[in-house]
Amino acid sequence: MKKWKELVPGAVVLEAGSSEKFKTGSWRSFRPRWIEENCIQCLFCWLYCPDMAVKVVEGKMTGFDYDFCKGCGVCARECPGKKGQKAIVMEPEGK
Amino acid sequence: MGKIAAVTGNEAVANALRQANPDVCSLYPITPQTDIVQRFASYVSNGQVDTELINAESEHSSMSAAIGASAAGGRVVTATSSQGLALMWEMLHIASATNLPIIMPLVNRALSAPLNIHGDHSDGMGARDTGWIQLWSENAQEAYDNTVQAFRIGEHKDLRLPVMVCMDGFIISHSIERIEYLEDKQVKDFIGEFVNVNPLLDLEHPKSYGPLILTDLYMEFKRLQHEIMGRVKKVVLDVAEDFYKLSGRRYGLFESYRLEDAEIGMVVMNSAAGTSKDVVDAFRDKGIKAGLLKPRLFRPFPYTEIADALKHLKAVCVMDRADSYGGYGPMFMEISSALYQVTGNGSGVAKPKLINKIYGLGGRDYMPEQAEQVFTELDAIAKGAPVKLVKDYIGVRE
Chain G
90 MKKWKELVPG AVVLEAGSSE KFKTGSWRSF RPRWIEENCI QCLFCWLYCP
140 DMAVKVVEGK MTGFDYDFCK GCGVCARECP GKKGQKAIVM EPEGK
Chain Y
75 MGKIAAVTGN EAVANALRQA NPDVCSLYPI TPQTDIVQRF ASYVSNGQVD
125 TELINAESEH SSMSAAIGAS AAGGRVVTAT SSQGLALMWE MLHIASATNL
175 PIIMPLVNRA LSAPLNIHGD HSDGMGARDT GWIQLWSENA QEAYDNTVQA
225 FRIGEHKDLR LPVMVCMDGF IISHSIERIE YLEDKQVKDF IGEFVNVNPL
275 LDLEHPKSYG PLILTDLYME FKRLQHEIMG RVKKVVLDVA EDFYKLSGRR
325 YGLFESYRLE DAEIGMVVMN SAAGTSKDVV DAFRDKGIKA GLLKPRLFRP
375 FPYTEIADAL KHLKAVCVMD RADSYGGYGP MFMEISSALY QVTGNGSGVA
425 KPKLINKIYG LGGRDYMPEQ AEQVFTELDA IAKGAPVKLV KDYIGVRE
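Residue numbers (this note's numbering), protein chains in the order written: chain G, 90 to 184; chain Y, 75 to 472.
Below is the structure:
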């Protein structure tokens, strides 16, 4: 842990992208579960996620980054699913 | 030497801001400061400065805009009074703790309620603990000189702190006095080009301002803030020395007036100090050894230096143009704290007897008769009369 003489005055963070080191997923009480067979790859979940917790690889939804997902449920709410079947459902943590 | 002019305190300060040619001025008008930003807006419209003017929708917003512009990497000024400063309150802490050298003239005015537009120090004293450097000015000349020096002080590489330059509303801001301006080029050379530190607009080096810092490091950052404030006195004195070479006008942490051989003394700030000095002279003529100390740097407060200047006195009255209801006046608390640490002064007197007078609230006139009343009381205390009431009010109808 840094001592006060080692700090940058003004609390300016000089390292770009350092928030990646501060994992915030532990706040979550509900977790989104991805049901791949119902996914139409519309990427609404990626678009609506207020964090960057939807992992997209080569243009395709591949799952969630649970280090940063706070379980807000916006993705599940926006998910159109396939033929009325949601591709994202929220489940209580610890279940 | 620059031009000699008859101007108001506001016009003098507006000219100092013009000469500093800031990158950004965020503003919201409030009596009695309005005259400063109104004049500055004219300088912008007339092309006399290269400043981007931001008309904010409140003082909270004008300080927020100043913080953003300063973090972006520019030289930034704003100005306010009274309720405006009160509305800025939370942002004042952010400006100082983020080490942003914003320069802000504060035209001192009473706080509501009752609503009052006239001069007292309630606004500035309320900002005592915001982490800003505070320079206080007796007259238009000092307000101008302090504003010029404020840029060098706040922008100093060891500090990077915001500076509030205080002068009394109406008494100084709207009264016409003789002042000596420095030439534009002299001011430009004196304060130098603005050098930014960790500017947000340096896109090659992305960075974050305003992080969340909880129990792990918050206290370390506060400790660092106090340390940086501890460097201010030296910078203020160094800048004052350079300013003396430029202008011939001497400044320090405070002004001592006939204090060296005095037995009784008054501590008084801003415009009332001028009136009081006349009364000091009158008492000297009567053979009473009166003196005066006028603080200039109120934050950080020069405790040891002021204690050294006062410790030989028999009795001191601390004058406060602001009140702490249920407490002593804010200046009294500082002087009292400073003198408590004095251990022995060689003259056989333990410590000066201290009294506190609240005066001039809401712009109530401070007259020579009030200073006479104070020095008469001090003279009696110095000769052995007991202190009846530590804190009292003068110039109020009983």
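All residues carry an ideal CB built from backbone N, CA and C; glycine is no exception.
{"query": "Based on the DSSP secondary-structure assignment, which residues constitute the bridge partners of Y467 of chain Y?", "result": "Y:I432"}
{"query": "Using a cut-off of 7 Å between C-beta atoms, extract the partners of D473 of chain Y located in chain G.", "result": "Outside the displayed range of chain Y (75 to 472) lies residue 473 of chain Y, so it cannot be described from this structure."}
{"query": "Is the distance from the Cβ of A115 of chain Y to the Cβ of L127 of chain Y below 7 Å?", "result": "yes"}
{"query": "For V313 of chain Y and G76 of chain Y, what's the separation of their Cα atoms in angstroms?", "result": "19 Å"}
{"query": "Tell me whether V146 of chain G, by its Cβ, gets closer than 6 Å to a heavy atom of the ligand MN.", "result": "This structure does not include the ligand MN; it has no bound ligands of any sort."}
{"query": "With 7 Å as the threshold, decide whether the Cβ of S282 of chain Y is near any Cβ in chain G.", "result": "yes"}
{"query": "In the DSSP assignment, find the alpha helix (DSSP H) that holds F225 of chain Y and state where it starts and stops.", "result": "214-228"}
{"query": "Do the region 183-193 of chain Y and the region 302-310 of chain Y touch if we need at least three Cβ pairs shorter than 8 Å?", "result": "no"}
{"query": "Are the region 122-138 of chain G and the region 149-165 of chain G in contact at 8 Å, needing three or more beta carbon pairs?", "result": "yes"}
{"query": "In whole angstroms, what separates the C-alpha of S118 of chain G from that of G183 of chain G?", "result": "9 Å"}
{"query": "Would you say C158 of chain G and A142 of chain G are within 7 Å of each other, going by their C-beta atoms?", "result": "yes"}
{"query": "Considering only C-alpha positions, which residue in the set Y:H230, Y:A456, Y:A153, Y:M393 is nearest to M241 of chain Y?", "result": "Y:A153"}
{"query": "With a cut-off of 8 Å, do at least 3 Cβ pairs link the region 379-390 of chain Y to the region 346-355 of chain Y?", "result": "no"}
{"query": "Have a look at I129 of chain G and K171 of chain G and give me their C-alpha separation to the nearest angstrom.", "result": "7 Å"}
{"query": "Please report whether the beta-carbon of F268 of chain Y lies at a distance below 7 Å from any beta-carbon of chain G.", "result": "no"}
{"query": "Does the Cβ-Cβ distance between R324 of chain Y and I265 of chain Y come in under 7 Å?", "result": "no"}
{"query": "Which complete alpha helix (DSSP H) runs does the region 235-276 of chain Y hold, if anything under 4 residues is left out?", "result": "258-265"}
{"query": "Taking C-beta to C-beta, are P106 of chain Y and S155 of chain Y nearer than 7 Å?", "result": "yes"}
{"query": "Look at the alpha carbon of D124 of chain Y and the alpha carbon of P96 of chain Y, and state the distance between them as a whole number of angstroms.", "result": "7 Å"}
{"query": "Let's see if you can read the secondary structure: which residues bound the beta strand (DSSP E) around M38 of chain Y?", "result": "Since the first residue shown for chain Y is 75 and the last is 472, residue 38 of chain Y is missing from the structure and cannot be characterised."}
{"query": "Along the region 93-110 of chain G, where does the CB come closer than 7 Å to a CB of chain Y? Name the residues.", "result": "W93, L96, P98, G99, A100, V101, V102, L103, A105"}
{"query": "By Cβ distance, which residues of its chain are closer than 6 Å to E329 of chain Y, with the 5 residues on each side in sequence left out?", "result": "K368"}
{"query": "Please list the partners that T473 of chain Y has in chain G, where partner means a Cβ-to-Cβ separation under 8 Å.", "result": "Because chain Y spans 75 through 472 in this model, residue 473 of chain Y falls outside it and cannot be assessed."}
{"query": "Looking only at DSSP bridge pairs, what is S100 of chain Y linked to?", "result": "Y:I128"}
{"query": "Who are the Cβ neighbours of S138 of chain Y in its own chain at under 7 Å, not counting the five residues just before and after it?", "result": "M165"}
{"query": "Can you tell me where the beta strand (DSSP E) holding D394 of chain Y begins and where it ends?", "result": "389-394"}
{"query": "Ignore the nearest five residues each way along the sequence and tell me which others in K427 of chain Y's own chain have a CB closer than 6 Å to its CB.", "result": "A389, I455, V461"}
{"query": "Please state if the CB of N220 of chain Y and the CB of E251 of chain Y are separated by a distance shorter than 7 Å.", "result": "no"}
{"query": "Taking C-beta pairs closer than 8 Å, name the residues in chain G that I287 of chain Y reaches, listed in chain order.", "result": "A100"}
{"query": "Output yes if chain G places a C-beta closer than 7 Å to the C-beta of L298 of chain Y; else output no.", "result": "yes"}
{"query": "List the residues of chain G that I480 of chain Y touches, going by C-beta distances under 8 Å, in chain order.", "result": "Residue 480 of chain Y lies beyond the stretch modelled for chain Y, which goes from 75 to 472, so this question has no answer here."}
{"query": "Considering only the beta carbon of each residue, do A143 of chain Y and V98 of chain Y sit closer than 7 Å?", "result": "yes"}
{"query": "Candidates Y:S135, Y:K425, Y:A224, Y:N84: which alpha carbon is nearest Q112 of chain Y's?", "result": "Y:N84"}
{"query": "Determine the chain G residues that contact E278 of chain Y at a beta-carbon separation under 9 Å, and present them in chain order.", "result": "Going along chain G, no residue has its Cβ under 9 Å from E278 of chain Y, so there is no contact; the nearest lies around 10 Å."}
{"query": "Starting from F328 of chain Y and walking both ways along the beta strand (DSSP E), at which residues does that stretch end?", "result": "328-331"}
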